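Worksheet: one structure, shown below.
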Amino acid sequence: GQNIDQPTEMTATEGAIVQINCTYQTSGFNGLFWYQQHAGEAPTFLSYNVLDGLEEKGRFSSFLSRSKGYSYLLLKELQMKDSASYLCAVRGEGGGSYIPTFGRGTSLIVHP
Amino acid sequence: NAGVTQTPKFQVLKTGQSMTLQCAQDMNHEYMSWYRQDPGMGLRLIHYSVGAGITDQGEVPNGYNVSRSTTEDFPLRLLSAAPSQTSVYFCASGTGYNEQFFGPGTRLTVL
């Protein structure tokens, strides 16, 4: 099975940097996803890490350490529109494990 | 491309009623899945399919049935609705190698 932990809620100031952590325990590993979900909307894809290291995409970066079972999502130059829930999801290996398991999400509140 | 579509957007049922939530995708994805999302619980997998004719249970399958007769469609059936099934339901599709694409969701209330 899989166990995924991330903080329930975080707050940050507009223009600042915030790091959202995700730790996981899984019997097999085949990638980690980050999704963004605004209130009342569907999740949208942000990033996918399968190898160790940092992946950068504009203001958003995602880091993975497979040996530590750890990932983080880094959001720079925060904007009010970044207020959303951020979901960490882990994919296992084989068969139905290709369907990712999601953590409970981190609600990020950005204030002026 | 419409992506992943879901109908209806909203639904109110009485306890004991049955209904089908529709999901369709036009991206020729083999993998499709149904999640429910409740406050504080994240996305929990109900059922999934790895191709036409193949379905399997996820984490919370009780009270739900699925079928996959075509690549495009993956309906979710509630056999006898219960208040505990009040939730937001998301359908998703993907290749199994990269990200999943989510539909807009169905907001279901069971009275």
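Going line by line, the protein sequences match chains A and B. Numbered as in my numbering, the first sequence ends at 112 without a single skipped number. Numbered as in my numbering, the second sequence ends at 111 without a single skipped number. Every residue, glycine too, gets a C-beta built ideally from N, C-alpha and C. Please read all numbers here as calculations on a predicted model, not as lab measurements.
Query	Result
Every unbroken beta strand (DSSP E) within the segment 33-78 of chain A, with a cutoff of 3 residues, ordered by chain	44-49, 53-57, 60-65, 70-75
Backbone secondary structure at B/S84 - three-state DSSP	helix
Alpha-carbon spacing of B/L79 relative to B/G94, whole angstroms	27 Å
Selected residue, minimal CA-CA separation from B/R36, among B/G58, B/H29, B/S18	B/G58
Interfacial residues, the segment 31-62 of chain A to chain B, with Cβ spacing under 7 Å	F33, A42, P43, F45, Y48
B/L43 beta carbon less than 7 Å from that of A/F136	This structure gives no information on residue 136 of chain A, because the portion of chain A shown stretches from 1 to 112.
Any C-beta of chain A under 7 Å from that of B/P104	yes
Residues sharing a beta bridge with A/N3, DSSP	A/Q25
Other residues of its chain near B/D38: CB distance less than 6 Å, five sequence neighbours each side excluded	S87
Exposed unless 16 or more other CB atoms sit within 10 angstroms - verdict on B/Y97	exposed
Option in B/D26, B/P8, B/T71 with minimal Cα separation from B/M105	One point to set straight first is that residue 105 of chain B is Gly, not Met, in the sequence displayed. Out of B/D26, B/P8, B/T71, B/P8 has the C-alpha closest to the C-alpha of B/G105.
B/D56 to A/E56 span [Cα, whole Å]	35 Å
Assigned exposure category for A/I17 - 16 Cβ within 10 Å defines buried	exposed
Contact list for B/S69 against chain A, beta-carbon separation under 7 Å	Neighbours of B/S69 on chain A: none; closest Cβ ~19 Å, over 7 Å.
Of the residues B/Q85, B/K14, B/N65, the one placed nearest B/R77, counting alpha carbons only	B/N65
Per DSSP, the bridge partner or partners of A/S85	A/Q37, A/S107
Sufficient close CB pairs (3 or more, under 8 Å) joining the segment 39-54 of chain A to the segment 63-73 of chain A	yes
Host beta strand (DSSP E) of B/V4 (start-end)	4-7
Through-space distance from A/L73 to A/A12, alpha-carbon basis	14 Å
Pick from B/A52, B/T5, B/M41, B/F101 that is closest to B/S69, judged by C-alpha positions	B/A52
Counterpart residues of B/S33 in DSSP-defined beta bridges	B/Y48, B/A92
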